[in-house]
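Please read the structure below before turning to the comments.
2 protein chains.
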Amino acid sequence: MFSDRFDQLVQALRILPSVGPKSAQRMALHLIMKNREGAVGLAHALNEATSYIHECSICHSLTEDEVCNICASHDRDAHLLCVVESPADVMAIEQSGSFRGKYHVLGGHLSPLDGIGPDEIGIPYLVQRLSDGNITEVILATNATVEGQATAHYLVEATKHLPVQMTRIAQGVPQGGELEYVDSHTLSQAVHNRMRMK
Amino acid sequence: MFSDRFDQLVQALRILPSVGPKSAQRMALHLIMKNREGAVGLAHALNEATSYIHECSICHSLTEDEVCNICASHDRDAHLLCVVESPADVMAIEQSGSFRGKYHVLGGHLSPLDGIGPDEIGIPYLVQRLSDGNITEVILATNATVEGQATAHYLVEATKHLPVQMTRIAQGVPQGGELEYVDSHTLSQAVHNRMRMK
Chain A
1 MFSDRFDQLV QALRILPSVG PKSAQRMALH LIMKNREGAV GLAHALNEAT SYIHECSICH
61 SLTEDEVCNI CASHDRDAHL LCVVESPADV MAIEQSGSFR GKYHVLGGHL SPLDGIGPDE
121 IGIPYLVQRL SDGNITEVIL ATNATVEGQA TAHYLVEATK HLPVQMTRIA QGVPQGGELE
181 YVDSHTLSQA VHNRMRMK
Chain B
1 MFSDRFDQLV QALRILPSVG PKSAQRMALH LIMKNREGAV GLAHALNEAT SYIHECSICH
61 SLTEDEVCNI CASHDRDAHL LCVVESPADV MAIEQSGSFR GKYHVLGGHL SPLDGIGPDE
121 IGIPYLVQRL SDGNITEVIL ATNATVEGQA TAHYLVEATK HLPVQMTRIA QGVPQGGELE
181 YVDSHTLSQA VHNRMRMK
């Protein structure tokens with residue numbers, strides 16, 4: 001609209017998730033009109049982050065070092081391993097404050113139709129990691145989607161020969177969930193997996 | 001969370017309008033995990049835009065040149081001037097395709113409590129522009145807010161001595177508006193400004 005570089009900025013902002021043409025325009029105007037310093041800072045942060053952040057060589061989460069904070073930490077329980085699909089899941093679980101073990105990021109889930117088999121998400125490497133004998137329990141925290149479930153089941157099969165306990169995060173009604181609004185599949189799971197109280 | 005640079009990127013993304021901590025985190029993860037090339041492109045676009053885009057020396061809209069496309073164009077009616085608060089308004093009116101004249105961007109509205117008087121939004125310069133005699137009608141398209149209205153009224157007063165027709169964009173029920181959901185102030189304006197049909 002105003003100039004080529006303005007249009008290029010609007011276009012570039014559209015790569016952000018859930019930013020459509022209108023929002024991108026509003027963001028571009030906001031940056032140019034009201035916060036140029038912030039825009040320059042954002043450009044710098046983007047360049048720095050893309051240059052220095054890479055996968056942890058042990059767990060495949062994100063880090064700037066050879067090994068991430070969590071893998072390097074001696075305060076975390078090295079016998080407990082939580083397997084997740086992506087670094088976003090590591091973040092979510094860390095923010096819940098409910099886990100003090102280590103992680104393993106698959107970087108996806110099994111999806112044969114898309115050509116994603118066990119090798120593509122590094123399952124042989126995970127099995128290797130489990131064979132080293134230090135880990136006694138694996139919590140399978142892949143998503144509660146069809147692919148996440150299939151990946152969890154596959155992992156149980158693939159580690160049958162190892163003396164490692166495999167658990168799956170609980171599925172049921174979310175906290176604060178009103179039964180009236182919970183989908184029937186979740187509800188049937190919740191009834192099936194009911195827990196004894198007395 | 002993962003590293004300092006990751007946190008800095010999340011922080012930097014929060015300067016974008018309506019991006020809270022959760023969205024910023026999601027954006028940062030998306031960029032780092034799925035679109036590094038896009039992130040580098042966005043950084044480049046931000047640097048380019050902040051370096052080259054500035055105010056048009058005539059209308060104060062945005063341009064990369066001395067004078068913006070619209071001011072430089074010979075196809076636009078130089079007798080008609082639309083006064084708006086910001087370049088975003090120029091964009092909105094251009095996108096409506098309803099105006100073929102030139103623009104004047106005030107860069108704000110009168111707001112005595114915030115110390116923004118006529119000088120701060122360049123009203124003397126606008127009056128000067130109108131005194132040059134080329135312009136026959138000024139369409140006041142400041143926002144339909146209290147400040148926008150006050151600014152429009154002030155402009156009418158400030159240009160009383162000039163032989164220029166001053167008009168205000170119409171206010172009433174928006175297209176597709178159902179009366180039931182239109183606020184009463186708008187409705188009373190719409191009744192007051194009713195238009196004769198026969």
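Just so you know, the sequences run in chain order A and B. Here UniProt numbering is used: position 182 in the first sequence is 182, and no number is missing along the way. Here UniProt numbering is used: position 129 in the second sequence is 129, and no number is missing along the way. The C-beta atom is built at its ideal place from N, Cα and C for all residues, glycine as well.
Select from B:Phe-6, B:Leu-46, B:Ala-12 the residue whose C-alpha is nearest the C-alpha of B:Leu-29. Nearest C-alpha to B:Leu-29: B:Phe-6.
C-beta neighbour in chain A for B:Tyr-125, strict 8 angstroms: no
Using the beta-carbon of each residue, which ones in chain A are nearer than 7 angstroms to B:Gly-52? First, the amino acid is wrong: residue 52 of chain B is Tyr here, not Gly. Those are Arg-5, listed as they occur along chain A.
Under the three-state DSSP convention, the category B:Gln-141 falls into: Here residue 141 of chain B turns out to be Ala, not Gln, going by the sequence shown. Coil, per DSSP.
With a Cβ-Cβ cutoff of 8 angstroms, do A:Arg-76 and A:His-104 count as a contact? One thing to note: A:Arg-76 has its Cβ no nearer than 8 angstroms to the Cβ of A:His-104.
Ordered along the chain, which non-local residues of its own chain (more than five positions away) have a Cβ less than 7 angstroms from that of A:Ser-57? Glu-66, Val-67
Just to confirm before moving on: does the CB-CB distance between A:Glu-147 and A:Thr-167 stay below 8 angstroms? Not closer than 8 angstroms, so no.
Closest Cβ-Cβ distance between A:Ser-110 and chain B: below 8 angstroms? The sequence given here has Leu at residue 110 of chain A, not Ser. No - not a single Cβ of chain B is within 8 angstroms of the one on A:Leu-110.
Pull up the CB-CB distance for A:Ile-169 and A:Ala-141, whole angstroms please, since I reckon it's below 8 angstroms. 5 angstroms
If you drop the 5 nearest sequence neighbours on each side, which residues of the same chain put their C-beta closer than 8 angstroms to that of B:Leu-179? Val-173, Leu-187
Just to confirm, is the Cβ distance from B:His-54 to B:Thr-63 under 8 angstroms? yes
According to DSSP, is A:Met-166 helix, strand or coil? strand
Does the pairing of the segment 41-49 of chain B with the segment 42-53 of chain A give three or more beta-carbon distances under 8 angstroms? In short, these stretches touch, since the Cβ pair count reaches three.
Check each candidate in A:Ser-23, A:Val-83, A:Gln-8, A:Thr-159 and name the one with the smallest Cα separation from B:Tyr-52. A:Gln-8
I'd like to confirm something about B:Leu-130: is its beta-carbon nearer than 7 angstroms to some heavy atom of the ligand HEM, or not? What this structure holds is no ligand at all, so the ligand HEM is not there to describe.
How many Å lie between A:Ala-92 and A:Phe-2 at the Cα? 41 angstroms
Cβ separation of B:Ala-24 and B:Leu-31, assumed to be a contact under 8 angstroms, to the nearest whole Å: The C-beta distance from B:Ala-24 to B:Leu-31 rounds to 11 angstroms, too long to meet the 8 angstroms contact threshold.
Got a sec, what are the start and stop residues for the alpha helix (DSSP H) A:Cys-71 sits in? 69-72
Against chain B, which members of the segment 173-194 of chain A pass a CB distance test of less than 7 angstroms? Answer set for the segment 173-194 of chain A: empty.
For A:Gln-171, the nearest candidate out of A:Gly-177, A:Val-164, A:Tyr-154, A:Ala-190 (CA to CA): Considering only A:Gly-177, A:Val-164, A:Tyr-154, A:Ala-190, the residue with the shortest C-alpha distance to A:Gln-171 is A:Ala-190.
The segment 11-22 of chain A in contact with the segment 191-198 of chain A per 3-pair CB rule at 8 angstroms: no
Can you tell me whether A:Pro-112 is buried or exposed, with buried defined as 16 or more other CB within 10 angstroms of its CB? exposed
Using the DSSP secondary-structure output, state which residues sit across from B:Val-19 in a beta bridge. Residue pairing by DSSP places B:Val-19 in no beta bridge whatsoever.
Sequence ranges, alpha helix (DSSP H) only - wholly within the UniProt domain "Toprim" (79-174) of chain B, length at least 4: Taken in chain order, the unbroken stretches of alpha helix (DSSP H) that lie wholly in the UniProt domain "Toprim" (79-174) of chain B and span 4 residues or more are 87-96, 123-131, 146-158.
Where B:Glu-55 falls: helix, strand or coil (DSSP): strand
Is it buried or exposed for A:Ser-98, if we count other Cβ within 10 angstroms and need 16 for buried? Its Cβ having fewer than 16 others within 10 Å, A:Ser-98 is exposed.
Counting only beta-carbon atoms, is B:Ile-32 nearer than 8 angstroms to chain A? Using a CB distance cut-off of 8 angstroms, B:Ile-32 counts as an interface residue toward chain A.
Please confirm whether A:Pro-87 and B:Met-27 have their CB atoms less than 8 angstroms apart. no
Using beta carbons (cut-off 8 angstroms, strictly below), is B:Pro-87 in contact with chain A? yes
Using a Cβ-Cβ cut-off of less than 9 angstroms, list which residues of the UniProt domain "Toprim" (79-174) of chain B approach chain E; keep chain order. Here the protein chains are A and B, and chain E is not one of them.
Backbone secondary structure at B:Asp-4 - three-state DSSP: helix
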